[in-house]
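A short worksheet on the structure shown next.
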Amino acid sequence: MITQIYSIQTVEEALACIEAGADHLGLLPEQLEDGKPIPCGVPKSVCHDILNACRGRAVLSFLSVNDDPQFYYDMASEYHPDIIHVTGKRFFVSEPFVKTIKELSPGTRVMQAVPMTGPEAVDFAKKYAQWADLLILDSVAPDHDEIGAAGVTHDWDLDRQIVESVDVPVIIAGGLGPDNVAAAIEHVRPWGVDSLTKTDEFLPDGTRLQKKDIAKVRAFCQAAKAAGR
Ligand SMILES: O=C(O)c1ccccc1NCC(=O)[C@H](O)[C@H](O)COP(=O)(O)O
């Protein structure tokens, strides 16, 4: 069972997550969203430092919420990440897009986020599984229109249907943490599991810090590996 942890901010955090059992690390190179800097964007020099420190020790997934394919092409040329994670609101992978990414960065795989909003997600997943190397099935929170970082679960029956009907590896995401990852794995039988919100640090007043809680990351990875055996 592959474990993926978002959103990495520093080299120290990346190395601590690897030591805690994470196989894939996800991060967002700094970028604009609706004209404003994205909250947990990582500066270019830090992205390179994380890549240099972690290559060969974990799979690095670089995410964008951009709807302009050029942003992804620039990301492929600049970083040559192991995975490019496409989670634009209106932009999804296509055959020519994936071909261009692979010309710019041979060896980079392309992962399409699937918005798990209802039964229509099954056809969406089947369509984009034609071109993407991997899928990530992710929640869309009721109060925002972004795919991911929602901190809530969705209907795992739909995830199970998708896992059973596509030929590419599927990572499940959305509100997963140490408390529920085993149940999700048992229900869906995916290739991998992902966590953001529930493995972050929180202040006593409930404010979420953009920082991983390494004890929670360890508990998540241990629970996932045990359930995935
Ligand atoms: O990592 C982010 O900050 C992020 C921001 C915007 C869209 C997606 C983002 N992350 C993608 C992931 O794969 C998350 O880990 C996934 O959405 C799960 O999030 P959560 O429900 O909070 O565990």
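Just so it is clear: in the sequence shown, position 163 is 145 by the working numbering, and no numbers are missing.
For glycine and all other residues, C-beta sits at the position ideal for the given N, C-alpha and C.
Note that the structure is a prediction, hence the values are computed from the model and not measured.
Residue i and residue j look like a contact to me (Cβ under 8 Å); what is the Cβ gap, rounded to whole Å?
{"i": "Thr90", "j": "Pro63", "result": "6 Å"}
{"i": "Leu117", "j": "Val150", "result": "6 Å"}
{"i": "His67", "j": "Ala95", "result": "7 Å"}
{"i": "Asp176", "j": "Ile196", "result": "No, Asp176 and Ile196 are not in contact; Cβ-Cβ is about 17 Å, not under 8 Å."}
{"i": "Phe202", "j": "Thr181", "result": "5 Å"}
State yes or no: is the C-beta of residue i within less than 8 Å of the C-beta of residue j?
{"i": "Ala35", "j": "Ala2", "result": "no"}
{"i": "Asp115", "j": "Val92", "result": "yes"}
{"i": "Leu7", "j": "Leu45", "result": "no"}
{"i": "Met98", "j": "Leu33", "result": "no"}
{"i": "Lys193", "j": "Gln(-9)", "result": "yes"}
{"i": "Leu10", "j": "Ser(-11)", "result": "yes"}
{"i": "Ile(-16)", "j": "Gly130", "result": "no"}
{"i": "Cys29", "j": "Val199", "result": "no"}
{"i": "Ile167", "j": "Ala132", "result": "no"}
{"i": "Asn48", "j": "Gly70", "result": "yes"}
{"i": "Ile144", "j": "Val104", "result": "yes"}
{"i": "Val75", "j": "Tyr110", "result": "yes"}
Identify, in the order they occur along the chain, each residue of the same chain with its Cβ nearer than 7 Å to the Cβ of residue i, setting aside the five sequence neighbours on each side.
{"i": "Gln82", "result": "Strictly speaking, residue 82 in this sequence is Thr, with Gln absent from that position. Only Tyr55 meet the Cβ criterion."}
{"i": "Ala205", "result": "Pro160, Val163 and Ala164"}
{"i": "Val134", "result": "Ser121, Ala123, Gly156 and Gly157"}
{"i": "Cys22", "result": "Ser(-11), Gln(-9), Leu10 and Gln192"}
{"i": "Leu178", "result": "Tyr(-12), Ser(-11) and Ala131"}
Among the residues of its own chain, which have a CB less than 8 Å from the CB of residue i, if the five just before and after it don't count?
{"i": "Val148", "result": "Ala107, Lys108, Ala111 and Leu117"}
> So does the stretch 77 to 91 actually touch the stretch 120 to 139, counting three or more Cβ pairs closer than 8 Å?
Replying inline: no
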